Each structure stands twice: as structure tokens, then as C-alpha cells.
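Here the working numbering is used: the first residue of the sequence shown is -14, the next is one more, and so on. Only one structure is covered here, and it is reproduced in the block below.
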Amino acid sequence: MSLPGFDFQSRYFTHANGLKQHYIDQGQGSPVLMLHGNPSWSYYYRRMIAGLSKRHRCIVPDHIGMGWSDKPDDHHYAYRLQQRVADLDALCDHLIANEGLPDRGWTLIVHDWGGMIGFAHAVKHHARFSKLVVLNTGAFLNPKQLGLPFTLRLGRDSWLGAFLIRGFNAFARGAVRYGTLRKMDPAEKAALLSPYNSWANRISTARFVQDIPLRPEDPGYALVKETGEKLTVFANTPMQIHWGRHDFVFDDAFLAAFQRHFPNALTRVYEDAGHYVLEDAHERIVPAVTAFLGAD
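Below is the structure:
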């Protein structure tokens, strides 16, 4: 099918468990690691890759179960935050050991679940990252405690929600419809949805929702708590925050939490943008990030 704006070099990394993880490796220069969330994939960053790869080496993986990566069943993969972070650790170690990437001077760009995965990795390897870019995400415990929108609560805690996500692609379809304020081009909308074209291929979109940690007994809670407590290692790291104001999940409470953690970050709030902030405001965000990164 047509994937407008996505003519990039694809690579695959095989993990120790035999699963293949797809990633984009585009451009030359200092590394820029971009991490997507749920239910998107590396296609979400197409405009950022096009803008930054002129001066930087853009590394953009698809999480296992997402995009063009393998989509195993529950018997062959643990769809949990801890495993996501372990996958990222392994991929980055491979890139440094075998693909010529340095172990310093990286930029991290994160959106949605990419923030939690990316920051959990980054606090362990904080010397690796010299700049940070945050797009509608989280990296700490939910600032609203147990508060979740009804649609997420349905998908997280009920068989009906899981059935709607896997049977009708409700989560991904809802995201492209309600996650933007700008009307998306039909071909781009279809491209975002394309990896999730069957019950089997929607397993990860469901499991991500079910893995949202709210209580201490939830599997990812301790890791999220620990990551939030360690964000101080980036207190002096240059950071940009680009935030779509109309996000029904990552709303003003999450933005305020980031600003408390990083009061020196340059923050730009887009009143005409939603959760998929790069779809709504890429004309402003990509040039801003390009200038922020410079030529290093």
C-alpha cells in the first residue's frame, strides 16, 4: 500500500528470543532516537525523520507487536513495560557495538508510551543523552492517580474493551479520528492504521492499554515510579516540550508534571493540536527541533 512520505532505509534487529524488530536508520551525524507510542508506529515520525536526517542519524524503532516488527502471541512475548525497555536496551547496545553509533551525544524524542519506555532506558544510560524532546507523553506515575478516560478504562479493565480493540481496531481508528484536530489525508490515515489489519496483528495495541500502571500491584508500577524518581539526572539537560493542548489522555496535568520536573525546559503549547501533535503542528515543531539540535 502507499505510505506517503515514508521512503526511508529499513533495518531489522533479531533479539535473543528470535523476534525481529523493525527500525528506520536514516541519515548521518549524531544519533536521534525517536520512540512512538500506542497505537502508532515509526510512520508517525516521517516528517521528523525527513527534517532531521539531513544532519543527523535518525533511529526509529517499531516496538515488538507494532508497525513492521514481529507480532507474536502471548506465549512467545511478554507484552509488559519491562520487556519493552529490555528490547530498547538490546537494540541500542547492538547499534553501538555493531552499527557504528557512538555512546554519547544522542537526542531522545518521545511520544505517548515512547516516553515511559524511552525515559526508563535513558535514566539508566543518562550520559548517552545530551538533548531531550518531549511530545505529549509521560515518564512518571499518573499525576491524576487512578484517573483514566472512560475509553482507556474500558480497554484496560474489561473483556468488551479488549474485544473492540482487537476485533474492530477501535483504539487505532479512534486515535486517528479523535487524536488530531486537522483532517488527515486519507492515505496517511490508512498508513498509520495499516499494520493493525487483523485480530492477531492488534495484540499489542490491546496489551499496551492493559499494561497502563495505576496501582502498586500493577506489573509496570514500580518501574514507572523508579523512573520518575530518577528524572533528576536530566535536570541540566537541554529539553524542548511540544504539547498538543487537546489531548484527552496526556492533558494539562501531565504537562504540568513535566514542567515541575524540568522547569528550565523550553515549552511550546499548541492550542490547535491534539494527541498526535506531529500530525497537527509538524510545520512548527520540526523546524523548532531542527534548530534545537543544530548540526552536532
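C-beta: ideal position from N, C-alpha, C; glycine also. Since this is a predicted model, take the numbers as computed values, not measurements.
Asked	Found
Continuous beta strand (DSSP E) stretch holding residue 258: start and end	251 to 259
Spatial neighbours of residue 100 in its chain, beta-carbon cut-off 6 Å, leaving aside the 5 residues before and after	122, 123 and 124
Beta-carbon contacts of residue 213 that lie in its chain and below 7 Å, excluding the five residues immediately before and after	124, 125 and 126
C-alpha distance - residue 251 paired with residue 220, whole-angstrom precision	13 Å
Three-state secondary structure assigned by DSSP to residue 212	helix
Segment contact flag, the stretch 247 to 264 with the stretch 217 to 234, C-beta cutoff 8 Å, min 3 pairs	yes
Contact between the stretch 75 to 91 and the stretch 110 to 118 (3+ Cβ pairs under 8 Å)	yes
Helix, strand or coil at residue -5 [DSSP, three-state]	strand
Pairwise C-alpha distance: residue 32 and residue 243	25 Å
Secondary structure of residue 130, DSSP reduced to three states	coil
Residue 144 classed as buried or exposed, judged by whether at least 16 other C-beta atoms fall within 10 angstroms	exposed
DSSP state of residue 89 mapped onto helix, strand, coil	coil
Limits of the alpha helix (DSSP H) - the one that residue 40 falls within	It is not in any alpha helix (DSSP H) - residue 40 carries neither H nor E in the DSSP assignment.
Extent of the continuous alpha helix (DSSP H) to which residue 230 belongs	Note, residue 230: premise wrong, no alpha helix (DSSP H); beta strand (DSSP E) at 224 to 231.
Nearest-angstrom Cα separation, counted from residue 277 out to residue 198	33 Å
Residue closest to residue 204, alpha-carbon to alpha-carbon, out of 66, 42 and 54	66
Residue 136, DSSP secondary structure in three states	helix
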